[in-house]
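Asks: Structure provided below as structure tokens; questions to follow.
Residue numbers (the working numbering): 1 to 281.
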């Protein structure tokens, strides 16, 4: 069963007032779910919020990213919705903003912003690193490009935070497969290193390895070493094979783990790039 409007159920004779009171609980004004429902997820809250707006609002923000398949950032805070309705309950954040018709996805159970418009809204309001992580996930799951995000951003020139949205679009990379990869890429860029390429496939005979990020032009790779590798010989052996494949192709590998200092890692990568450049001369 899905969230429903109590007033509609009563008007259509589907429930009596007693049944509505004893079997269901309101999660938003006039929006009900069964009392024995488990914890509500993004889909439930999106539909409930859409119903609260009179089926006229457009879900945006973090909930929209989850509906579009970007789950890397946990849901926190109220549901953001573009609507003219006022006096929202605490679970809802109203955004009284303009939105073009081609920036709306119309599903039977709710309307939400397109991936590009969602990216603009996220980029405007979230801290840079968090915004880029969300945009990376949107790009990966929706084949979203920076040009699509920038095209929507250009429609709202002068809107507060639009410059931050443009920056996030320039920094996004759908090849990042985790928060860790996004953070690493941003850390290296913040230290003045050239922009890396993501998900680079290297083949050597019968062996293939994928580099999370690296610089093919100078053959420098950054690879993740699991903290638990010493306790798992299979994982350690896998890393050794990857190292051998890369070394055979002339790559310099910089290994990293969660415990490594971003500053030291940046220095190691910078030194590796300089070393490879000298070797190529």
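Glycine included, each C-beta is placed from N, C-alpha and C at the ideal position.
Does the region 166 to 176 come close enough to the region 127 to 138 that 3 or more CB-CB pairs lie under 8 Å?
Replies: Output reads yes: the region 166 to 176 touches the region 127 to 138.
Asks: Starting from the C-beta of residue 79, find all residues in its chain whose C-beta is less than 6 Å away, skip the five residues before and the five after it, and write them out in chain order.
Replies: Walking along the chain shown from the start, residue 79 turns up at place 79. 45, 49, 63, 92.
Asks: Does residue 127 come out as helix, strand or coil in the three-state DSSP assignment?
Replies: Taking the first residue of the chain shown as 1, we reach residue 127 at position 127. Three-state DSSP puts residue 127 in coil, outside helix and strand.
Asks: At 3 residues or longer, what runs of the beta strand (DSSP E) sit wholly inside the region 71 to 126?
Replies: 79 to 82, 92 to 95, 104 to 107, 110 to 113
Asks: By how many angstroms is the C-alpha of residue 9 removed from the C-alpha of residue 112?
Replies: Looking up residue 112 in the chain shown gives position 112. Looking up residue 9 in the chain shown gives position 9. Each residue's alpha carbon lies about 25 Å from the other.
Asks: Could you tell me which residues DSSP puts in a beta bridge with residue 197?
Replies: Within the chain shown, the letter at position 197 stands for residue 197. 214.
Asks: Give the secondary structure of residue 7 by DSSP, where H, G and I count as helix, E and B as strand, and everything else as coil.
Replies: The residue you call residue 7 lines up with position 7 of the chain shown. Helix at residue 7.
Asks: Run the CB neighbour count on residue 249, radius 10 Å, all protein chains shown included, and call it buried at 16 or more, exposed below.
Replies: By one-based count along the chain shown, residue 249 stands at place 249. By the neighbour-count criterion, in which a residue is buried when 16 or more other Cβ atoms sit within 10 angstroms of its Cβ, residue 249 is exposed.
Asks: What does a CB cutoff of less than 6 Å around residue 308 pick up in its chain, not counting 5 residues either side in sequence?
Replies: There is no way to answer for residue 308, as the model of the chain reaches only from 1 to 281.
Asks: Residues in the same chain with beta-carbon distance under 6 Å from residue 276, minus the five sequence neighbours each way, listed in chain order, please.
Replies: What you label residue 276 is simply residue 276 of the chain shown in a count that begins at 1. Excluding sequence neighbours, residue 276 sits near 218, 219, 220, 252.
Asks: Please work out which residues of its chain come closer than 6 Å, Cβ to Cβ, to residue 181, disregarding the five sequence neighbours upstream and downstream, and give them in chain order.
Replies: One-based indexing of the chain shown puts residue 181 at position 181. The answer, listed in chain order, is 212.
Asks: Identify every run of the alpha helix (DSSP H) within the region 12 to 77, keeping only runs that are complete inside it and at least 4 residues long; order them along the chain.
Replies: 17 to 23, 42 to 52, 61 to 67
Asks: Near residue 229, what residues of its chain come up, given a Cβ to Cβ distance below 7 Å and the 5 sequence neighbours on each side ignored?
Replies: Your numbering for residue 229 matches position 229 in the chain shown. For residue 229, the predicted structure reports a pLDDT of 49, less than 50, and the residue's modelled location is therefore unreliable. The matter cannot be settled from this model.
Asks: With residue 271 as the anchor, note down where its alpha helix (DSSP H) starts and where it stops.
Replies: The residue you call residue 271 lines up with position 271 of the chain shown. Element bounds for residue 271: 262 to 280.
Asks: Helix or strand or just coil, what does DSSP make of residue 229?
Replies: On the chain shown, residue 229 is found 229 positions in, with the first residue counted as 1. Residue placement at residue 229 is poorly supported in this model, since its pLDDT is 49, which falls under 50; the coordinates still yield a value, given next. Correct three-state label for residue 229: helix.
Asks: Is residue 206 buried or exposed, if buried means 16 or more other CB atoms sit within 10 Å of its CB?
Replies: Translated into positions along the chain shown, residue 206 becomes position 206. Residue environment for residue 206: exposed (fewer than 16 other C-beta atoms within 10 angstroms of its C-beta).
Asks: What three-state label does DSSP hand residue 235 in the structure shown?
Replies: By one-based count along the chain shown, residue 235 stands at place 235. The answer is helix: DSSP assigns residue 235 an H, G or I state.
Asks: To the nearest angstrom, how far is it from the Cα of residue 33 to the Cα of residue 86?
Replies: Position 33 of the chain shown, counting from 1, holds the residue named residue 33. Position 86 of the chain shown, counting from 1, holds the residue named residue 86. Residue 33 and residue 86: Cα-Cα distance of roughly 23 Å.
Asks: Using the three-state DSSP reduction, which class does residue 207 fall into: helix, strand or coil?
Replies: Your numbering for residue 207 matches position 207 in the chain shown. Strand at residue 207.
Asks: Leaving out five residues on either side along the sequence, give the residues of the same chain with a beta carbon under 8 Å from the beta carbon of residue 327.
Replies: Since the first and last residues shown for the chain are 1 and 281, residue 327 lies out of range.
Asks: Spatial neighbours of residue 191 within its chain, please: CB distance less than 6 Å, with the 5 preceding and 5 following residues excluded, ordered by chain position.
Replies: Within the chain shown, the letter at position 191 stands for residue 191. For residue 191, where only same-chain residues beyond five positions count, the Cβ hits under 6 Å are 266.
Asks: Where residue 141 and residue 83 are concerned, what is the direct C-alpha to C-alpha distance, given to the nearest angstrom?
Replies: As a working mapping, residue 141 is identified with position 141 in the chain shown. As a working mapping, residue 83 is identified with position 83 in the chain shown. Taking the straight line joining both Cα atoms gives about 27 Å.
Asks: Under a three-way DSSP split, which group does residue 253 fall into?
Replies: Along the chain shown, read from residue 1 onward, the residue named residue 253 stands at position 253. Of the three classes helix, strand and coil, the one that applies to residue 253 here is strand, per DSSP.
Asks: When the Cα atoms are used, what is the spatial distance from residue 274 to residue 203?
Replies: Reading the chain shown from its first residue, position 274 is the one you call residue 274. Reading the chain shown from its first residue, position 203 is the one you call residue 203. Distance between the alpha carbons of residue 274 and residue 203 is about 24 Å.
Asks: So, helix, strand or coil for residue 176, using DSSP?
Replies: Residue numbering aside, residue 176 sits at position 176 when the chain shown is read from its first letter. Three-state result, residue 176: coil.
Asks: Quick one: what's got a C-beta closer than 7 Å to residue 110's C-beta in the same chain, skipping five residues either side?
Replies: Here residue 110 refers to the residue found at position 110 of the chain shown. Contacts found: 46, 47, 50, 59.
Asks: State the Cα-Cα distance for the pair residue 197 and residue 215, rounded to the nearest angstrom.
Replies: Translated into the one-based positions of the chain shown, residue 197 becomes position 197. Translated into the one-based positions of the chain shown, residue 215 becomes position 215. Cα to Cα, residue 197 sits roughly 6 Å from residue 215.
Asks: Is it buried or exposed for residue 257, if we count other Cβ within 10 angstroms and need 16 for buried?
Replies: Here residue 257 is taken as the residue at index 257 of the chain shown, counted from 1. Classification for residue 257: exposed.
Asks: Do you know how far the Cα of residue 164 is from the Cα of residue 27?
Replies: Translated into the one-based positions of the chain shown, residue 27 becomes position 27. Translated into the one-based positions of the chain shown, residue 164 becomes position 164. Rounded to whole angstroms, residue 27 to residue 164 spans 34 Å at the Cα level.
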